[in-house]
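S.K.: Numbering (my numbering), first residue to last: 6 to 156.
Built from N, CA and C at the ideal position, the CB exists for glycine as well.
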């Protein structure tokens, strides 16, 4: 079995986190796999999970009535999937579908929220990383929109 603490320390999202903080996260995480076409999460479901991608690619999709699924973004190893576990009402806003074989670290959102609340330094460190990831995503969307309008 792979050492979860080591896997957490190696993931881009958590690099630089103090060892004691990483150790606290181990009880909230498991290693998971998804076959191509499998859904990590579905729009409208309870948002209870947060993923750190290790292998594979995931399409973030929205279902457009009359047109079917539209890919909003693709995420790859080193990226994260799922922000809604942190914010009430804790509902998923997009489908997340494995495009390739996916290996990810899956966090239990309630467990993680509890750890963040109990240790405000850990909460700050994770929130800061989530905010940086949100900023990166917004920048990518901005560039994609510019490409659409200039092309």
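Could you spell out where the alpha helix (DSSP H) holding residue 59 opens and where it closes?
M.R.: Residue numbering aside, residue 59 sits at position 54 when the chain shown is read from its first letter. No alpha helix (DSSP H) contains residue 59, which is instead part of the beta strand (DSSP E) from 54-60.
S.K.: So, for residue 11: in the same chain, excluding its five sequence neighbours on each side, which residues have a beta-carbon less than 6 Å away from its beta-carbon?
M.R.: In the chain shown, residue 11 corresponds to position 6, counting from 1. Closer than 6 Å at Cβ, skipping near neighbours: no residue.
S.K.: Taking C-beta to C-beta, are residue 58 and residue 34 nearer than 8 Å?
M.R.: Sequence index remark: in the chain shown, residue 58 carries index 53 (1-based). Sequence index remark: in the chain shown, residue 34 carries index 29 (1-based). Not in contact: residue 58 and residue 34 (Cβ atoms no closer than 8 Å).
S.K.: Three or more C-beta pairs closer than 8 Å, one from the segment 113-127 and one from the segment 82-99: is that the case here?
M.R.: Contact holds: three or more Cβ-Cβ distances are below 8 Å.
S.K.: For residue 102, does the count of other Cβ atoms within 10 angstroms reach 16, so buried, or fall short, so exposed?
M.R.: Residue mapping note: residue 102 aligns to position 97 of the chain shown, counting from 1. Result: buried.
S.K.: Can you tell me whether residue 89 is helix, strand or coil according to DSSP?
M.R.: Taking the chain shown and counting its residues from 1, one reaches residue 89 at position 84. Helix.
S.K.: Going by beta carbon distance, what residues of the same chain come within less than 7 Å of residue 111, once the five residues before and after it are set aside?
M.R.: As a position in the chain shown, residue 111 is number 106, starting the count at 1. So the qualifying residues of the chain are 34, 35, 37, 54, 56.
S.K.: Just grab the DSSP bridge partners of residue 121 for me.
M.R.: By 1-based counting over the chain shown, the position of residue 121 is 116. None; residue 121 has no bridge partner.
S.K.: Mind checking whether residue 127 and residue 20 have CB atoms under 8 Å apart?
M.R.: Taking the chain shown and counting its residues from 1, the one referred to as residue 127 is at position 122. Taking the chain shown and counting its residues from 1, the one referred to as residue 20 is at position 15. No; because the gap between Cβ atoms is not below 8 Å, this pair is not in contact.
S.K.: Can you grab the Cα-Cα spacing for the pair residue 70 / residue 25, in whole Å?
M.R.: Taking the chain shown and counting its residues from 1, one reaches residue 70 at position 65. Taking the chain shown and counting its residues from 1, one reaches residue 25 at position 20. Spanning the two alpha carbons is a distance of roughly 47 Å.
S.K.: Give me, in chain order, the residues of the same chain whose beta-carbon lies closer than 6 Å to that of residue 84; leave out the 5 immediate sequence neighbours on both sides.
M.R.: The residue labelled residue 84 in the question sits at position 79 within the chain shown. Cβ neighbours of residue 84 beyond the five flanking positions: 58.
S.K.: Just mark residue 141 as buried or exposed, buried being the case when its beta carbon has 16 or more other beta carbons within 10 Å.
M.R.: Here residue 141 corresponds to residue number 136 of the chain shown, with the count starting at 1. With fewer than 16 other Cβ atoms within 10 Å, it is exposed.
S.K.: For residue 44, which residues of its own chain have a beta-carbon under 8 Å away from its beta-carbon, when the five flanking residues on both sides are left out?
M.R.: Along the chain shown, read from residue 1 onward, the residue named residue 44 stands at position 39. So the list reads 100, 101, 102, 103, once near-sequence residues are dropped.
S.K.: Mind checking who residue 74 pairs with in its DSSP beta bridge?
M.R.: Counting from one through the chain shown, the residue named residue 74 turns up at place 69. According to DSSP, residue 74 bridges with 68.
S.K.: Tell me which same chain residues have a C-beta within less than 7 Å of the C-beta of residue 77, skipping the five on either side of it?
M.R.: Indexing the chain shown from 1 puts residue 77 at position 72. Answer for residue 77: 65, 66, 67, 99, listed in chain order.
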